[in-house]
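Structure, as structure tokens:
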Amino acid sequence: MKVTEHITKAQGSTLFSFEILPPLKGETVQHIYNTIDTLIDYNPAFIDVTYHREEYVFLERENGLLEKKVVRKRPGTVGICAAIQNKYKVDAVPHILCGGFDQEDTENFLIDLDFLGIDNVLALRGDAIKSEIYFKSERNGHQYANELVTQIKGLNKGTYLDDYLENNNPTNFCVGVAAYPEKHMEAASLRQDIVYLKQKIDAGADYIVTQMFFNNEAYFDFVDKCRAAGITVPIIPGLKPIATKGQLSMIPHRFKVDLPDDLVMEVLKCKDNKEVKQVGVEWCIAQCRELKAKGVPVLHFYSMGKSENIKTIVNEVL
Ligand code: FAD
């Protein structure tokens with residue numbers, strides 16, 4: 001079932017969903033199942049599975065020279081989505097990127113998903129390859145996520161890249177896109193970022209999932225600005241409970257979001273990460289209660305491989 005159908009069916013009550021990462025290459029899928037097993041009793045409407053593009057690693061050779069190698073550390077997005085739908089009968093939402101894909105790769109990826117009975121995708125540009133500063137599309141790939149949305153929605157109308165096909169089976173994907181209540185790091189201004197977000201919606205995107213935020217005002221303000229800009233699709237808030245002191249610097253650095261002073265102070269007072277986890281859970285519960293009271297369609301959690309804290313939160317809030 002499509003994410004938007006879940007939202008419609010819920011008739012205004014708030015749903016629960018979460019995001020997982022495929023395991024590192026060489027690890028078993030059991031770790032993913034453990035995360036899902038912890039949360040499955042809370043009836044997630046859907047589970048997102050991230051996509052991780054290739055990276056460069058440099059291997060030192062015997063002659064002292066470095067060999068550049070292209071590796072993918074977390075393959076398996078499509079396989080995990082199929083396994084989730086099969087094992088748990090919950091809709092999986094694979095993330096699909098512009099980065100590392102040309103249009104042909106994208107089309108073939110979508111055909112695989114269609115054959116597997118996967119109805120949803122989250123369409124993203126992706127970041128620059130690690131070790132490079134600026135994002136570069138593949139030759140014949142997409143530079144921005146709105147172009148990717150256009151291709152997916154084109155396939156939904158039976159528009160394939162090959163125009164000699166005898167059959168043009170239309171796919172039927174529900175397409176989500178990303179948004180940033182505190183602005184995407186490359187955007188010149190929040191206003192301009194919303195202009196580009198609107199392009200993704202005009203290309204046919206059905207719903208939005210936000211970057212994590214720790215101050216609900218940022219989300220409410222962002223939603224108001226989106227509505228004023230004519231964006232009417234559901235805007236799903238993304239949430240992440242803080243769990244370690246190290247995240248005070250990692251989260252702003254990696255996700256370009258601010259942490260409120262009150263939260264930072266509380267975390268700094270903690271003696272160990274057990275206490276930090278408690279603070280993170282309490283903060284997130286307060287966020288969720290307010291978001292739910294304001295009628296958000298879904299509370300979407302970034303699990304990052306940790307599910308016990310999300311279980312505690314969902315248990316309190318839903
Ligand atoms: P876009 O919407 O293309 O925007 C990128 C930048 O370009 C923005 O600054 C925007 O303002 C600007 N822009 C957009 N359109 C135009 C245009 N037409 N002309 C000029 N400028 C434009 N990354 C992964 O690698 N794998 C994942 O699984 C993943 N999942 C994510 C899930 C969520 C919910 C979120 C919020 C992010 C996720 N990311 C993931 C990170 C994401 O790929 C990066 O944040 C990336 O830098 C931007 O992706 P986007 O789809 O928002 O890009």
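Its first residue numbered 1, the sequence shown is counted upward by one per residue in our numbering. Each residue gets a CB set at the ideal place from its N, CA and C atoms; glycine is no exception. These numbers were taken from a predicted model, which means no experiment stands behind them.
> Distance, Cα to Cα, Pro94 vs Thr106?
Replying inline: Distance from the CA atom of Pro94 to the CA atom of Thr106, rounded to whole angstroms, is 13 Å.
>> Just to be sure I understand the criterion: a residue counts if its Cβ is closer than 5 Å to at least one heavy atom of the ligand FAD. Which residues meet that?
In response: With the criterion CB distance below 5 Å from any heavy atom of the ligand FAD, the matching residues run Thr50, Tyr51, His95, Leu124, Arg125, Gly126, Asp127, Tyr144, Ala145, Ala178, His184, Glu186, Ala187, Asp193, Tyr196, Val209, Gln211 along the chain.
> What's the gap between the Cα of Ala228 and the Cα of Gly126?
Replying inline: Cα to Cα, the separation comes out at about 27 Å.
> DSSP beta-bridge partners for Ala228?
Replying inline: BP columns for Ala228 are empty, so no partner.
> Roughly how many angstroms lie between the CA atoms of Cys288 and Pro241, to the nearest whole one?
Replying inline: Using only the alpha carbons, I get a separation of about 11 Å.
> For His6, is the classification buried or exposed, using 16 other Cβ atoms within 10 angstroms of its Cβ as the cut-off for buried?
Replying inline: Counting other Cβ atoms within 10 Å of its Cβ, His6 reaches 16 or more and is therefore classed as buried.
> Given that a residue counts as buried once 16 or more other Cβ atoms are within 10 Å of its Cβ, and exposed if not, what is Gly295?
Replying inline: Exposed, since its Cβ has fewer than 16 Cβ neighbours within 10 Å.
> What are the partner residues of Glu54, as DSSP defines its beta bridges?
Replying inline: Residue pairing by DSSP leaves Glu54 without any beta bridge partner.
> Looking only at C-alpha atoms, which of Leu39, Cys98, Leu122 sits nearest to Lys2?
Replying inline: Taking only the C-alpha atoms, the option nearest Lys2 is Leu122.
> Roughly how many whole angstroms lie between the Cα atoms of Trp283 and Ala82?
Replying inline: When rounded, the distance between both Cα atoms is 34 Å.
>> Below 8 Å on the Cβ atoms is my contact criterion, and I expect Ser307 with Leu21 to pass it. Report the Cβ-Cβ distance as a whole number of Å.
In response: The beta-carbon separation of Ser307 and Leu21, rounded to 12 Å, does not stay under the 8 Å limit for a contact.
>> Let me make sure I understand the geometry here. Which of Tyr207, Ile310, Gly100 has the alpha-carbon closest to that of Lys130?
In response: Answer by Cα proximity: Gly100.
> Nearest-angstrom Cα distance between Gln278 and Val264?
Replying inline: Looking at the two C-alpha atoms, the distance is approximately 13 Å.
> CA-CA distance, Pro237 and Thr159?
Replying inline: C-alpha of Pro237 to C-alpha of Thr159: approximately 32 Å in a straight line.
> Are Phe301 and Leu239 closer than 8 Å when you measure CB to CB?
Replying inline: Yes, these two residues count as a Cβ contact at 8 Å.
> Does DSSP classify Lys68 as helix, strand or coil?
Replying inline: Three-state DSSP puts Lys68 in a strand.
> Who are the near neighbours of Ile201 in its chain, counting only those whose CB is closer than 7 Å to its CB and skipping five residues on each side?
Replying inline: So the qualifying residues of the chain are Ile231, Val233.
>> So the candidates are Leu165, Glu166, Asp48, Leu24; which of them puts its Cα closest to the Cα of Pro75?
In response: Out of Leu165, Glu166, Asp48, Leu24, Leu24 has the C-alpha closest to the C-alpha of Pro75.
>> With distance defined between alpha-carbon atoms, name the residue in Gly26, Ile36, Glu166 nearest to Val90.
In response: That would be Ile36, whose Cα lies nearest to the Cα of Val90.
> Pro181: buried (16+ other C-beta within 10 angstroms of its C-beta) or exposed?
Replying inline: Pro181 should be labelled buried.
> What distance in whole Å lies between the Cβ atoms of Pro297 and Thr50, which are believed to be in contact at a cut-off of 8 Å?
Replying inline: Actually they do not touch by this definition, with Cβ atoms about 21 Å apart.
>> Using DSSP's beta-bridge definition, name the partner residues of Asp91.
In response: For Asp91, which the question treats as bridged, DSSP gives the partners Phe46.
> Quick one, which of Lys69, Glu19, Ala128 has its alpha-carbon nearest Thr77's?
Replying inline: For Thr77, the closest alpha carbon among the candidates Lys69, Glu19, Ala128 is that of Glu19.
> What are the start and end residues of the beta strand (DSSP E) that includes Ala286?
Replying inline: Ala286 -> not in any beta strand (DSSP E); alpha helix (DSSP H) instead, spanning 273-293.
> Which partner residues of Thr312 appear in the DSSP bridge assignment?
Replying inline: Looking at the DSSP assignment, Thr312 forms no beta bridge with any residue, so it has no partner.
>> Could you tell me which whole alpha helix (DSSP H) segments of length 4 or greater appear in the segment 142-213?
In response: Entirely contained in the segment 142-213, the alpha helix (DSSP H) runs reaching 4 residues are, in chain order, 145-156, 190-202.
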